[in-house]
Amino acid sequence: MGLLVYLVVLVITGLVVGGLARLALPGRDPMTLPQTALVGILGSLIAGIAVRLATGGRAGAGILLSVLVATVLVYLVRRRRGGTLSDPGLGTRR
0 MGLLVYLVVL VITGLVVGGL ARLALPGRDP MTLPQTALVG ILGSLIAGIA VRLATGGRAG
60 AGILLSVLVA TVLVYLVRRR RGGTLSDPGL GTRR
C-alpha cells in the first residue's frame, strides 16, 4: 500500500509542478495531462539531483527550483515542436 500511495502523490506533485511551469510561459501549450505530469516529475527529479550534488546531500530541492527546471523543460518541448517562447508553433496558424 505504501508504494501505491507514493506513486499517486508523485503524479499529483508532478501535475502541480508541471502546471505551474506551463503557466510560467506565455501562450497556449497543448500538452496532455500525462505529459504535464511527466514534465513536472522530471523537473523535480533534475532539480533534486542538482541540489543534492551542490550541497553534498544536505538539502533537497524546493518547489520553486522544481518549477523553474520544469519551465525550462516546457520551453525545450516548445522549441522541439518549432515554437518560440510565446508561441507553441504547432503549425496551426492560418
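Residue numbers (numbering that gives the first Met the number 0): 0 to 93.
Note that CB positions come from ideal geometry on N, CA and C, so glycine has one too.
Opening and closing residue of the alpha helix (DSSP H) in which residue i lies
| i | result |
| --- | --- |
| P33 | L32 to T54 |
| R79 | I62 to R79 |
Straight-line gap, residue i to residue j (C-alpha atoms, nearest Å)
| i | j | result |
| --- | --- | --- |
| I11 | G26 | 24 Å |
| S43 | L14 | 11 Å |
| G81 | A46 | 26 Å |
| A23 | A58 | 25 Å |
| V68 | A49 | 10 Å |
Local Cβ density within 10 Å of residue i, reported as buried at 16 or more and exposed below that
| i | result |
| --- | --- |
| A60 | buried |
| I40 | buried |
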